[in-house]
Amino acid sequence: MAHGGVVARARSRAHHHRRARRRRHRRRPGRDEGRAPEEARTVTVERVEGPAGITLLRIGGEVDIVSAGPLTDAATAATVGARAVVLDLSTVTFFDSAGVRLVDRLARACDRNGAGFRVLAPTGGRARRVLDLVGMGEVLACEDLDAAVVALQ
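In my numbering, the protein residues as written are 1 to 153.
Right, here's the structure in full:
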């Protein structure tokens with residue numbers, strides 16, 4: 001019996017250490033190593049009239065489930081009346097499925113409004129990798145603004 005108690009205590013101790021290790025390494029949503037939570041959440045949106053009457057929407061920072069909703073609303077509103085729209089994601093620091101939804105919704109809004117749509121997402125960038133994975137990169141993504149302008153003419 002004494003032997004069973006030692007084994008049980010050892011298992012209990014090992015279980016405790018595994019749980020503690022998991023807690024230490026668990027990522028907390030909205031927190032990045034070395035950055036304050038509000039810094040990690042900062043996303044910038046800028047609307048600029050680009051060359052040839054193209055509306056250029058610049059988005060930088062993290063595009064995730066928290067920021068994508070307000071970004072989609074603001075960007076969709078900015079496309080109303082536009083002849084063509086380029087969504088610049090070249091300075092995005094994080095991009096996930098919420099960002100893919102944002103791109104899809106903007107593309108659909110532009111299509112409904114009769115406006116052309118391209119995404120400025122250079123090869124190797126965070127947004128481009130995700131867009132390529134879901135098959136949107138080949139269709140919508142451009143390396144630079146000049147390529148986007150040519151594609152929209």
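For glycine and all other residues, C-beta sits at the position ideal for the given N, C-alpha and C.
Asked	Found
Taking the continuous alpha helix (DSSP H) assigned at residue 99, which residues delimit it?	97-113
Within the continuous beta strand (DSSP E) that includes residue 123, where are the two ends?	Looking at the DSSP string, residue 123 is not in any beta strand (DSSP E), and its letter there is neither H nor E.
Check whether the stretch 122-141 and the stretch 65-74 are in contact - that is, three or more C-beta pairs closer than 8 Å.	no
Considering only residues of the same chain and omitting the five flanking positions on each side of residue 101, which have a CB-CB separation below 8 Å?	68, 72
Whose CA, out of 80, 128, 129, 120, lies closest to the CA of residue 142?	120
Could you give the DSSP three-state label for residue 88: helix, strand or coil?	strand
For residue 69, name the three-state secondary structure that DSSP assigns.	helix
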